[in-house]
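> If you're matching positions, the sequence shown starts at 24 in this note's numbering and goes up one per residue. We put the beta carbon where it would ideally sit given N, CA and C, even for glycine. Mind having a look at this structure? Questions to follow.
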Amino acid sequence: MPEEKKIEEQQPQQKKLMKHIVQSTNLDWVAYDEVKKILYVQFKNGGYYAYYDVPKEIFTDLLKASSKGRFHNMKIK
């Protein structure tokens, strides 16, 4: 499990990242900045979060997870 992440609720000014639309009842899309190791998550309820110091493996495992919301709750949040 990655160390606790600092979360911000406003979308940062940044270069455009590829958004991955995910099949989930909770998550709408995710994006990952490999250079800064930031995982961005947009929720279906409108919430938007940035998680810092996230290893790339966590992002790829999230994309592969059968339940994206459960993976987010157990491994990222």
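1) For Leu-40, count neighbouring Cβ atoms within 10 angstroms of its own Cβ and tell me buried if that reaches 16, exposed if not.
2) Return the first residue and the last residue of the alpha helix (DSSP H) that Leu-40 is part of.
3) At the level of alpha carbons, what is the spacing between Val-101 and Lys-67?
4) In its own chain, which residues sit with a C-beta less than 6 Å from the C-beta of Asp-10, not counting the 5 before and 5 after it?
5) Quick one: grab the DSSP three-state call for Asp-76.
6) On the DSSP letters alone, give me the boundaries of the beta strand (DSSP E) that Ile-99 sits inside.
7) List the endpoints of the continuous beta strand (DSSP E) containing Ala-54.
In terms of the structure at hand:
1) A residue is called buried once 16 or more other Cβ atoms fall within 10 Å of its Cβ, and Leu-40, having fewer, is exposed.
2) Careful: Leu-40 lies outside any alpha helix (DSSP H) and carries neither H nor E.
3) Because the chain spans 24 through 100 in this model, residue 101 falls outside it and cannot be assessed.
4) The structure shown does not extend to residue 10, since the chain is modelled only from 24 through 100, so no value can be given for it.
5) coil
6) It is not in any beta strand (DSSP E) - Ile-99 carries neither H nor E in the DSSP assignment.
7) First-last of the beta strand (DSSP E) with Ala-54: 50-56.
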